[in-house]
Amino acid sequence: MSKPPFPPFTLETATQKVRAAEDAWNSKNPDAVSLAYTPESVWRNRTSFLQGRDQIKDFLRQKWETELEYRLVKELWCFHETRIAVRFAYEWHNAEGQWFRSYGNENWDFAADGLMRWRLASINDLPITEQERKFLWQGARRPDEHPGLSALGL
């Protein structure tokens, strides 16, 4: 199995990889998302340390069961050979209706087949009101014309 584009990355291919990851996560489909990672992929997500697709799938299922109406925007920060760094923000609400904007950075490292072998994520949550939301598109994929993080001042 492989997942183009492949390293070493260029500005164009790194940007494509970031958008593909954003689109996949916005699908909220743990089975499909997990296929972008090597079978032995290693993650650090906040205080969770995961290894392998089964743990990734379980983590994502739990995440999207509690982070309701999840909408994510990722932006390329930098890249080099097999590595990409992104910054991101996503909005969601809990079961009680409290909205949050979660901000973070991710460091990614890819195998030659384009599958991610490392994902290191640092994330902070900011409670917001529903009126403060900025990610208001309908459907899973962020429309191409919807502003990114920099354009939104995030």
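Per the working numbering: the sequence shown = residues 41 to 194. Virtual Cβ for every residue (Gly too), placed ideally from N, Cα, C.
Proximity to residue i [Cα-Cα], best of the options
i      : options                          : result
Glu107 : Met156, Glu136, Gln95 and Leu75  : Glu136
Arg59  : Leu116, Arg173 and His133        : Leu116
Asp149 : Trp104, Tyr77 and Ser190         : Tyr77
Trp139 : Arg123, Gln171 and Met156        : Gln171
Leu194 : Glu109, Glu185 and Arg173        : Arg173
Pro167 : Cys118, Ala161, Arg93 and Ser142 : Ser142
Simplified DSSP state of residue i, which is helix, strand or coil
i      : result
Asp165 : strand
Asp153 : coil
Trp83  : strand
Ser74  : helix
Leu100 : helix
Ser67  : helix
Leu194 : coil
Gln91  : strand
Arg181 : coil
Bridge partners - residue i, DSSP secondary structure assignment
i      : result
Ala129 : Val113 and Tyr143
Phe119 : Ile124
Cutoff 7 angstroms; reference residue i; Cβ partners in own chain excluding five residues on either side
i      : result
Phe175 : Arg111, Val113 and Glu131
Buried/exposed call for residue i, threshold 16 Cβ in 10 Å
i     : result
Asn66 : buried
Arg86 : exposed
Arg93 : buried
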